[in-house]
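First the structure, in the form of structure tokens, and then the observations on it.
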Amino acid sequence: MGKVLTGAEILLECLLREGVDLIFGYPGGAILPTYDTLTKYPQIHHVLVRHEQGASHMADGYARATGKVGVALATSGPGATNLVTGIATAMMDSSPIVCITGQVPRGAIGSDAFQETDVTGVTLPVTKHNYLVMDIHELPYIVREAFYIARTGRPGPVLIDIPKDIQNEKIEFVYPEGEIRLPGYRPPQKALPDEIEAALELINAAQKPVILAGHGILMSGAMAEVRELAERAQIPVSMTLLGKGSMPENHPLNLRMMGMHGEAASNNAIQESDLLIALGMRFDDRVTGNLKTYAQGAKKIHIDIDPSEINKNVPVDVGMVGDLRTVLTQLLPGVKRASHAEWLNHIRDWQEDAHERDIINRETEMLMGAQVINDLWKFTGGEAITVSDVGQHQMLEAQYYPHQRPMTMITSGGLGTMGFGLPAAIGAKMGKPDEEVWAIVGDGGFQMTLCELATARQENVGVKIAIVNNSYLGMVRQWQEFFYEERYFATPIFSPDFVKLAEAYGIPAMRVTDRSQMEESVEFARRHDGPVLIEYVVEKEEIVYPMVPAGADLDNMIRRPKPGDVGVK
Amino acid sequence: MSDQAEKTKHILVALVENKPGVLNRIASLFRRRNFNVDSLTVGRTHRSHISRMTIVMDGSGISGRRIAANLFKLINVIDVAVVSEEPHVSRDLALIKVRANDADARNHLTQVCDQYPAHIVDIGPEVAIVQIAAQEDLVEMLIKELEPLGIVEMVRTGVVAMGRGVRILDSPYEPVIPATRNSNGNGAYQVYGV
Chain R
500 MGKVLTGAEI LLECLLREGV DLIFGYPGGA ILPTYDTLTK YPQIHHVLVR
550 HEQGASHMAD GYARATGKVG VALATSGPGA TNLVTGIATA MMDSSPIVCI
600 TGQVPRGAIG SDAFQETDVT GVTLPVTKHN YLVMDIHELP YIVREAFYIA
650 RTGRPGPVLI DIPKDIQNEK IEFVYPEGEI RLPGYRPPQK ALPDEIEAAL
700 ELINAAQKPV ILAGHGILMS GAMAEVRELA ERAQIPVSMT LLGKGSMPEN
750 HPLNLRMMGM HGEAASNNAI QESDLLIALG MRFDDRVTGN LKTYAQGAKK
800 IHIDIDPSEI NKNVPVDVGM VGDLRTVLTQ LLPGVKRASH AEWLNHIRDW
850 QEDAHERDII NRETEMLMGA QVINDLWKFT GGEAITVSDV GQHQMLEAQY
900 YPHQRPMTMI TSGGLGTMGF GLPAAIGAKM GKPDEEVWAI VGDGGFQMTL
950 CELATARQEN VGVKIAIVNN SYLGMVRQWQ EFFYEERYFA TPIFSPDFVK
1000 LAEAYGIPAM RVTDRSQMEE SVEFARRHDG PVLIEYVVEK EEIVYPMVPA
1050 GADLDNMIRR PKPGDVGVK
Chain C
3 MSDQAEKTKH ILVALVENKP GVLNRIASLF RRRNFNVDSL TVGRTHRSHI
53 SRMTIVMDGS GISGRRIAAN LFKLINVIDV AVVSEEPHVS RDLALIKVRA
103 NDADARNHLT QVCDQYPAHI VDIGPEVAIV QIAAQEDLVE MLIKELEPLG
153 IVEMVRTGVV AMGRGVRILD SPYEPVIPAT RNSNGNGAYQ VYGV
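Residue numbers (my numbering), protein chains in the order written: chain R, 500 to 1068; chain C, 3 to 196.
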């Protein structure tokens, strides 16, 4: 016989059994019974955020850094709706989080009660699944299911909405041991033998193959298998933004990022290839460019755990649905050794051309964002976990901070959520306290969630914040320059004195305006245990090159001029 | 309906958990994926905890398999079949109220109904209600024939369908918690299926 517990106690007992020891949240009326019960559970550390969006981003950052499920807690109504941006971000990037929200008592549901919102309705399109608990007996089953659904298959956010009276209701608690029974949820595992045969035929016959490495590799833990496939058949690897870290970036077969701001060599290789092997990626418009001209000469193999991704954007010759690591393990024994020397040499020419155009080694009048990222990479030994926000600095991070290890590059890829950087970095640092974690943010995105500076201070989270300040919403400014005849409307952005601001929060800060201060700035950041903020004042009109204009052909890139070209120093 | 037109429609059957909100999840999926629904019907099955939906969709530009893959992602969807890609039986039921205020009209109405699996189920001095339960194309044809009489009101259930033969779409699953506690006390959810 179990003990008689309240709904709130049952919730926390179930969280303990899921291994939860950290919750990001904000209290309020409808979730107060749970907050009050948290006082009896010191094993669970609660982090008070300054805005619920911060809670869902922190849970997301925690999940991406650790691979564990992140948990956010909020009250009903505005508390819950404030979570939504973070939930949508996690949904687009398949990040496992569980959000728990209080709801008005069951009897008041539908009466437009104070702080009542139909939260399961609001979050339905942006969650993998959600629950409104209407029967306390279902609560332990729901919590178990929520965590299971969040972390398995194609991971994603799950929300549990719990009416206040259920948090107070008492029943005898028996934890549901044994198998979770979800009749409609059977994450695919293995590919079919004839699919493996068909894929092997294509792989072993290819002359100009390219692996497209996506986020799914990291989530499936298939790094070793991907590397084995690449090395055995000498197949170059092009990565999506979220696929960074799936293979060491200094590996000679790694062509680095593809897509809108990807490496020219990566994009050219994709366009010229005769076989694309897409692993755990989804042919997002930012990586394909114009679909009509995308890799037209290439056969395509697509492996993904989500059946609805196969043939969604790009029709493929062989589509395999399953866990990537399992499918690659099925595939590898049949992959023949190959050298593809001619193809790799051809790609090397593109890489050399790109190297000549690079800006990081040029003398510039102003500090450039690209140089900041490159030097952060250099002086952190390339070993930090970086959490970027969204915009130019994000693309520069992707280009100039090569990552050797998986799950060390965190960014909002699919949704492109400005304001993600700082809270997600706090979550990542709390999940990986022994790692050096840098939030790399722009002056625009940082101001969307800078209230979380207080959270970092209160919790003394040792996150290092690098603001790349160009006084513009730089990426939008870049589009205005290229596509809107330089009408810079609503993109010049005023910022407070970030150093003084940080000091007001009790956070050590420094301002960097010259490249000679780069090493010192990293040393400064490392001298303090807690949060540190460094503002890098950079060239206002820097452009992120190369760039594939939206909807253009993938190899139709706007390139950075070479040093010998007209008008270039 | 001609064969040509039929090819552009997908008929899917989904077994779903009989829980609150499931219909909403499916409607939301179709809306956000920009799938065009012709008709959607939902009803009980011989298992009280499982409902069955028949969905007819505009098939231009998307395969039935991709729609099924999207449906299958929903946790509460137990199984999906694209029945339009296999031999199947489909039925649509319509109630059509037409003007029948003189002997000629009534005679004409009776004659038309005799040519279809249709019956006059209500008749008064002014109007009559015709009921037909048939394949969708037959229903369409009857409607065309009744139009000259003057259709004043009409309701259709939308298509229900079932694959033919021994390929059974069913699930032996039993819920962990019987759905009784928050119900009206008769052992089933009060708000059925939606």
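We treat Cβ as the ideally placed atom computed from N, Cα and C, and that holds for glycine.
Computed from a prediction, not measured in an experiment: that's the story for all the values here.
- Collapsing the DSSP output to three states places residue 668(R) in coil.
- Assignment of beta-bridge partners to residue 630(R) by DSSP yields 659(R).
- Closest in alpha carbon position to residue 663(R), among 787(R), 544(R), 747(R), 533(R), is 533(R).
- For the stretch 941-1010 of chain R, the full-length alpha helix (DSSP H) segments reaching 4 residues or more read 942-947, 951-958, 973-982, 997-1003 along the chain.
- Listed in chain order, the positions of the stretch 151-179 of chain C with a beta carbon within less than 7 Å of a beta carbon of chain R are 173, 175, 178, 179.
- Only residues of its own chain outside the window of five on either side were considered, and among them 717, 722, 744, 745 have a CB closer than 7 Å to the CB of residue 905(R), listed in chain order.
- From the beta-carbon of residue 680(R), the residues of chain C found nearer than 9 Å are 175, 176, 177, 178.
- Contact of residue 19(C) with chain R is assigned, a C-beta pair being separated by under 8 Å.
- For a cut-off of 8 Å, the C-beta gap from residue 797(R) to residue 775(R) is around 5 Å, short enough to register as a contact.
- Annotation for residue 523(R): 546, 548, 554, 557, 558, 571 place their beta carbon closer than 6 Å to its own, counting only its chain and skipping 5 residues before and after.
- If you check each beta-carbon in the stretch 806-833 of chain R against every beta-carbon of chain C, the ones closer than 9 Å belong to 806, 807, 808, 809, 810, 811, 820.
- Here the C-alpha atom of residue 995(R) lies approximately 10 Å from the C-alpha atom of residue 942(R).
- Counted as a single uninterrupted DSSP element, the beta strand (DSSP E) harbouring residue 802(R) occupies residues 798-803.
- In terms of Cα proximity to residue 699(R), the closest of 679(R), 674(R), 728(R), 672(R) is 728(R).
- Interface flag for residue 628(R) against chain C is set, since a Cβ pair is found closer than 8 Å.
- Straight-line measurement puts the Cα of residue 730(R) at about 19 Å from the Cα of residue 801(R).
- Collapsing the DSSP output to three states places residue 761(R) in coil.
- Taking C-beta separations shorter than 6 Å and ignoring five residues to either side along the sequence, the partners of residue 124(C) in its chain run 131, following chain order.
- Distance check between residue 971(R) and each of 952(R), 964(R), 951(R), 945(R) places 945(R) closest, using alpha-carbon atoms only.
- With respect to the C-alpha of residue 26(C), the residue from 975(R), 621(R), 529(R), 530(R) having the closest C-alpha is 621(R).
- Taking 8 Å as the cut-off, the Cβ atoms of residue 823(R) and residue 778(R) count as close.
- Taking a C-beta cut-off of 8 Å against chain C, the contacting residues of the stretch 594-624 of chain R are 619, 620, 623, 624, listed in chain order.
- Cβ-Cβ distances below 6 Å link residue 930(R) to 561, 564, 565 in the same chain, with the five nearest sequence neighbours on each side left out; the list follows chain order.
- By the neighbour-count criterion, in which a residue is buried when 16 or more other Cβ atoms sit within 10 angstroms of its Cβ, residue 1027(R) is exposed.
- Non-local C-beta neighbours of residue 669(R) in its own chain, meaning closer than 6 Å and more than five positions away in sequence, comprise 503, 505, ordered along the chain.
- Secondary structure remark: continuous beta strand (DSSP E) runs of at least 3 residues inside the stretch 94-125 of chain C, in chain order: 120-125.
- Residue state for residue 160(C) is assigned as strand, using DSSP reduced to three classes.
- DSSP places residue 1018(R) inside the alpha helix (DSSP H), whose first and last residues are 1017-1026.
- If you draw a straight line from the Cα of residue 872(R) to the Cα of residue 585(R), it is about 26 Å long.
- Not a single C-beta of chain R is nearer than 8 Å to the C-beta of residue 105(C).
- The beta carbon of residue 869(R) lies closer than 6 Å to those of 858, 859, 895, 899 in the same chain, with the five residues before and after it left out.
- Of all C-beta pairs linking the stretch 42-49 of chain C to the stretch 1034-1044 of chain R, fewer than three are shorter than 8 Å, placing the two stretches out of contact.
- Contact between the stretch 758-769 of chain R and the stretch 1051-1058 of chain R is present, with at least three C-beta pairs closer than 8 Å.
- When rounded, the separation of the alpha-carbon atoms in residue 646(R) and residue 720(R) is 19 Å.
- In the structure shown, residue 687(R) falls within a coil segment according to DSSP collapsed to helix, strand and coil.
- When the beta-carbon positions are compared, residue 615(R) and residue 575(R) come within less than 8 Å of each other.
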